[in-house]
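Structural data, given as structure tokens:
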């Protein structure tokens, strides 16, 4: 009976070992993802704090230098958000935090309408007013509007008008508070994330959705490759500041830093080393071929030489999306979510 027992044990071990290895790999991937997102959220917390400070400094001393520092702080904080924008699960879902950081798309121009109402009213713009005014008021796009909208900045309420400074500093403080809250909640979320197997699929889907949105809505639609076929810079995000391409690059950087390591760990453990290497190489391709000049989207869509550069970027991103969303997802048995590209 002893040889039979050994044979049975060997058979059971052979049958279960791949499952054990797979479980170890998904656990390791989740650990890598968790730590990567911690890094991203720490940067967001730091930069939103700096933005709130620069907003207060500017409104106390509205000199050209303090204005430049404020604009730079807005961009640094906004790019920090772009790097973790792909995370669409967990604490960022609470109280619509994602939308509070960035209300986009904005087809009805609610940001401008809300700004006009609040700067034209006589009631003090208190933290309570900001918290009750909705997501179109509470995030980076509102600050971008106050800083960069051409029409607004020729009017009587342009910065540093007192009421506009109230709105600027109030929104910046709200963004800072949300950055602190998101970091605290993500740290508390750690045990649940690491011990819950379903967050493996959830995180893969988050990366997939981010790539779909990047390809289809942040590039193809403004380029006129979808819909009515007309180029339209005003449906891109960050069009007022002219920083659309920098936000796209930051999203790719964030996926590369915080999402790719866990993805390749899972693929390599599943005997998909070649695919993992192809995805690494394609991320490098996107980053290496990224336009050296960060021209505004309006310029990229209007000038044919620049548009061809944008087309090259679109092709690179599309190839990356195919590798991750089609090939990697299939290899890992991750089924795309029904609403994976709905909303941002």
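Residue numbers (mature numbering (1 follows the signal peptide of the UniProt record, and there is no 0)): -22 to -1, 1 to 322. Cβ atoms here follow ideal geometry from the backbone N, Cα and C, with glycine treated the same way.
Residue i to residue j, Cα distance in whole Å?
i	j	result
residue 86	residue 216	16 Å
residue 100	residue 142	12 Å
residue 43	residue 50	11 Å
residue 70	residue 76	6 Å
residue 207	residue 188	23 Å
residue -4	residue 157	Below a pLDDT of 50, predicted positions are generally treated as unreliable, and residue -4, at 42, falls in that range; the measurement from the model is reported next regardless. Taking the straight line joining both Cα atoms gives about 38 Å.
residue 271	residue 134	34 Å
residue -2	residue 192	Unreliable positioning characterises residue -2 in this predicted model, as indicated by a pLDDT of 43, which lies under 50. The coordinate reading is nonetheless provided below. Going from the Cα of residue -2 to the Cα of residue 192 covers about 33 Å.
residue 202	residue 286	13 Å
residue 112	residue 292	33 Å
residue 160	residue 52	18 Å
residue 37	residue 252	54 Å
residue 257	residue 298	7 Å
residue 3	residue 172	12 Å
residue 213	residue 244	36 Å
residue 47	residue 182	37 Å
residue 380	residue 106	An answer regarding residue 380 cannot be provided, because it is not within the stretch -22 to 322 covered by the chain.
residue 239	residue 165	20 Å
residue 200	residue 82	14 Å
residue 54	residue 308	36 Å
residue 276	residue 284	10 Å
residue 123	residue 57	16 Å
residue 221	residue 314	30 Å
residue 126	residue 17	29 Å
residue 34	residue 280	37 Å
residue 306	residue 235	17 Å
residue 131	residue 138	10 Å
residue 230	residue 198	16 Å
residue 5	residue 61	23 Å
residue 9	residue 97	46 Å
residue 74	residue 205	28 Å
residue 109	residue 22	20 Å
Identify whether residue i lies in helix, strand or coil by the three-state DSSP scheme.
i	result
residue 90	helix
residue 208	coil
residue 175	coil
residue 310	coil
residue 276	helix
residue 220	coil
residue 298	helix
residue 180	helix
residue 251	helix
residue 194	helix
residue 114	coil
residue 102	coil
residue 128	coil
residue 167	helix
residue 231	helix
residue 303	helix
residue 156	helix
residue 268	coil
residue 281	coil
residue 214	coil
residue 139	coil
residue 149	helix
residue 134	coil
residue 238	helix
residue 202	coil
residue 315	coil
Using the beta-carbon count (16 or more within 10 Å), is residue i buried or exposed?
i	result
residue 104	exposed
residue 170	exposed
residue 119	buried
residue 66	buried
residue 1	exposed
residue 80	buried
residue 259	exposed
residue 95	exposed
residue 140	exposed
residue 274	buried
residue 115	buried
residue 264	buried
residue 175	exposed
residue 294	buried
residue 78	buried
residue 28	buried
residue 282	exposed
residue 266	exposed
residue 41	exposed
residue 232	buried
residue 290	exposed
Could you tell me if the beta carbon of residue i falls within a distance shorter than 7 Å of some heavy atom in the ligand FAD?
i	result
residue 262	The ligand FAD is absent from the structure shown, which contains no ligand whatsoever.
Discussion item. For a minimum of 4 consecutive residues, which ranges assigned as the alpha helix (DSSP H) are wholly contained in the stretch 22 to 94?
Written reply: If we require 4 residues or more, the alpha helix (DSSP H) runs fully inside the stretch 22 to 94 come out as 42 to 62 and 75 to 79.
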